[in-house]
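Shown next, in structure tokens, is the structure this report addresses.
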Amino acid sequence: MKYTTLLMDADETIFDFGKCEQEALRASLEHFGLGYTQEINDTFSAINRRLWKELEMNNITRSQLRVERFRKLIEKCFEGFENAQSLADRYIDELAGQAVLIDGAQEALKKLSGTFDIYIITNGMKTVQRGRFAKSPVTEYIKKLYISDELGVNKPSREFFDFVLEDIPEKDSRKLLVVGDSLSSDMQGGRNAGLDTCLYDPFCRTEMPNELCDYRITGLEQIFGIAEV
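Each residue of the sequence shown is one higher than the one before, counting from 160 in this note's numbering.
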């Protein structure tokens, strides 16, 4: 096998973050007597994506992101509601309980774990990610979680990957493969660390070839074909 070790993202690579986010937001809003619609969900998702990009570029802090996304949502959708902090706290609690997997992810990880050491590399919040993995059946296939909230640095920074590379047993960087859905976080991070990268792109939304990606897959089991090349 060309690779021995997979450094895998969590959201939209293993977890269906869209479904997790939707249910957590619905439950959080209902807890405070606020209405939920698909339009509100789409508004929040757009706000959230923009702020996570800001976090990747170190333009905001994690604590700012946590509350700011709800301040912006309230401004757009819930005039008169003033407790963004409580809504943010409730959302984190709800999201930590959401462990909806992408279709086929459990079966794929089970098979992959028989050949590769699998580590999770995520920019998610520690409370959320540890809560979700604790509830998920895929935990037994994962060697360790590396969460930026705990490390104090975010993907795609070289510092994040340096910590991971120092900690894992495999020291030959040529045998490591970064797998994730984000060009700006996972693929750029892998490039920053001098590692091979594999974009998980089930709907082929990214034009290829792409300088950040060595490979593209539409299903996780396709990693076997890459590793045998």
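Glycine included, every Cβ here is placed at the ideal spot set by N, Cα and C.
- Boundaries of the alpha helix (DSSP H) harbouring residue 286: 285-294, taken from the DSSP string.
- For the set 334, 291, 284, 332, the Cα lying nearest the Cα of residue 312 is the one of 284.
- Around residue 176, the same chain offers 170 as residues with beta carbons nearer than 6 Å, after the five sequence neighbours per side are excluded.
- Residue 257 and residue 186 have their C-alpha atoms some 11 Å from each other.
- When the beta-carbon positions are compared, residue 337 and residue 345 come within less than 7 Å of each other.
- In summary, residue 352 is buried, with 16 or more beta-carbon neighbours lying within 10 Å of its beta-carbon over all protein chains present.
- Between residue 301 and residue 327, the gap from beta carbon to beta carbon reaches 7 Å or more.
- Residue 375 is positioned such that its CB atom lies no closer than 7 Å to that of residue 355.
- Counting only unbroken stretches of 4 or more residues, the alpha helix (DSSP H) elements lying wholly within the region 165-192 are 176-190, in sequence order.
- Residue burial is scored here from C-beta neighbours: residue 197 has fewer than 16 other C-beta atoms within 10 angstroms and is therefore classed as exposed.
- If you draw a straight line from the Cα of residue 303 to the Cα of residue 387, it comes to about 24 Å.
- Of the other Cβ atoms in all chains shown, 16 or more fall within 10 Å of the Cβ of residue 264; this residue is therefore buried.
- In this structure residue 335 is not in contact with residue 172, their Cβ atoms being roughly 16 Å apart against a cut-off of 8 Å.
- For residue 232 against residue 206, the beta-carbon gap comes to about 6 Å, under 8 Å, which counts as contact.
- Residue 269 and residue 240 have their alpha carbons spaced roughly 45 Å apart.
- Note on the region 293-352: whole beta strand (DSSP E) runs with a minimum of 3 residues are 303-306, 335-339, in chain order.
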